[in-house]
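Asker: For reference, the structure I am asking about is given below.
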Amino acid sequence: GESVGLHLPTLSVQEGDNSIINCAYSNSASDYFIWYKQESGKGPQFIIDIRSNMDKRQGQRVTVLLNKTVKHLSLQIAATQPGDSAVYFCAENKGGGYQKVTFGTGTKLQVIP
Amino acid sequence: EPEVTQTPSHQVTQMGQEVILRCVPISNHLYFYWYRQILGQKVEFLVSFYNNEISEKSEIFDDQFSVERPDGSNFTLKIRSTKLEDSAMYFCASSETVLVGGEQFFGPGTRLTVL
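Going line by line, the protein sequences match chains F and H. The first sequence finishes on residue 113 if you use this note's numbering, and the numbering steps up by one all the way, no holes. The second sequence finishes on residue 1115 if you use this note's numbering, and the numbering steps up by one all the way, no holes.
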């Protein structure tokens, strides 16, 4: 069955350092992954996505890595800022008519000034 | 920048009462969704809606739940007889497409508290 889960519930990082948030999934058929950021009192906000035919994708200060062999993906945030403090969810969406996004349990990122 | 809006931001109701949560999706979007998030837990899919009908729903979305697009702008979630366990944040989302890469934009949520 579908399962998207995170390794750590809380991650504390010094401001300016790089952050790495990890996620494991169990469904080998998963073909599209998304990282969402959720700030307190707000809805999930899209950060970056990656398709299963890629192993790396870069955005502004963020990079997502996908390792299909071990069914693992990670979100790297460069030069972490206080505004990056939030809960980060990895999620899966199959697309192609499968519309639901399946979320993982979330990692809370705390940036220490 | 266009955004999904939701009203009310907080709804308090008595167990057994009906509630209607309202959403205004982004205007050119065609696909609409409801998710919920129980406090401290992950976001869970409830239902997706396209062309005035439900296209996919989860096991959570039982007969107590219904969705409607009553006009060209609103999208509502109705819970007929609320239970204590319905207390959660409810998020509406919309997307332009369901193809891979079709980003779902989420609203700020409605916090439902059932007493």
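All C-beta atoms in this analysis are idealised placements derived from N, C-alpha and C, irrespective of residue type, glycine included. Since this is a predicted model, take the numbers as computed values, not measurements.
Along chain H, which residues have their Cβ under 7 Å away from the Cβ of F:F33?
Answerer: Residues of chain H passing the Cβ test: none, with the nearest at roughly 10 Å.
Asker: By the 10 Å Cβ neighbour count, where 16 or more other Cβ atoms means buried, how is H:S1095 classified, buried or exposed?
Answerer: H:S1095 comes out buried.
Asker: In its own chain, which residues sit with a C-beta less than 6 Å from the C-beta of H:E1056, not counting the 5 before and 5 after it?
Answerer: So the qualifying residues of the chain are S1048.
Asker: Once DSSP output is grouped into helix, strand and coil, what is the label at H:E1085?
Answerer: DSSP places H:E1085 in helix when its eight states are reduced to three.
Asker: For a test of the three-state rule: what should DSSP assign to F:D84, helix, strand or coil?
Answerer: Note: F:D84 maps to helix in three-state DSSP.
Asker: Would DSSP call F:E2 helix, strand or coil?
Answerer: In this prediction, F:E2 scores a pLDDT of 43, lower than 50, which makes its location untrustworthy; no coordinate-derived value is stated.
Asker: Given a cut-off of 7 Å, decide if H:V1019 and H:I1079 are closer than it, judged by their beta-carbon atoms.
Answerer: Contact flag set, yes.
Asker: Would you verify that the beta carbon of F:K42 is, or is not, closer than 7 Å to some beta carbon of chain H?
Answerer: Answer yes: the Cβ-Cβ gap between F:K42 and chain H drops below 7 Å somewhere.
Asker: Report yes or no: is there a C-beta of chain H within less than 7 Å of the C-beta of F:T107?
Answerer: Judged by the 7 Å Cβ criterion, F:T107 is not in contact with chain H.
Asker: Secondary structure at H:V1047, three-state DSSP: helix, strand or coil?
Answerer: Looking at H:V1047 - three-state DSSP - the assignment turns out to be strand.
Asker: Is the distance from the Cβ of H:M1113 to the Cβ of H:S1081 below 7 Å?
Answerer: Just to set this straight, residue 1113 of chain H is Thr in the shown sequence, not Met. No; because the gap between Cβ atoms is not below 7 Å, this pair is not in contact.
Asker: State buried or exposed for F:R51, treating a residue as buried only when at least 16 other CB atoms are found within 10 Å of its CB.
Answerer: Exposed, because fewer than 16 other Cβ atoms sit within 10 Å of the Cβ of F:R51.
Asker: So the candidates are F:T69, F:V62 and F:N67; which of them puts its Cα closest to the Cα of F:T80?
Answerer: The candidate whose alpha carbon is nearest that of F:T80 is F:V62.
Asker: Tell me whether F:G104 counts as near the ligand MG, meaning its Cβ is closer than 6 Å to at least one heavy atom of that ligand.
Answerer: No copy of the ligand MG appears in this structure; indeed no ligand is present at all.
Asker: At a CB-CB cut-off below 8 Å, which residues of chain F make contact with H:V1012?
Answerer: Chain F residues near H:V1012: none, gap ~17 Å exceeds 8 Å.
Asker: Is the Cβ of H:E1056 closer than 7 Å to any Cβ of chain F?
Answerer: Chain F, which has a Cβ nearer than 7 Å to the Cβ of H:E1056, makes this yes.
Asker: Could you tell me how far apart the beta carbons of H:M1089 and H:G1107 are, in whole angstroms, since I believe they sit closer than 8 Å?
Answerer: Contact flag wrong, Cβ pair sits at about 10 Å.
Asker: Look at F:A91 and F:I34 and say whether their C-beta atoms are less than 7 Å apart.
Answerer: For F:A91 and F:I34, yes; Cβs fall inside 7 Å.
Asker: Determine the extent of the beta strand (DSSP E) in which H:R954 is found, giving its start and end residues.
Answerer: For chain H, the structure presents residues 1001 to 1115; residue 954 of chain H sits outside this window and is missing.
Asker: Assign H:K1042 to one of three DSSP states: helix, strand, or coil.
Answerer: Coil, per DSSP.
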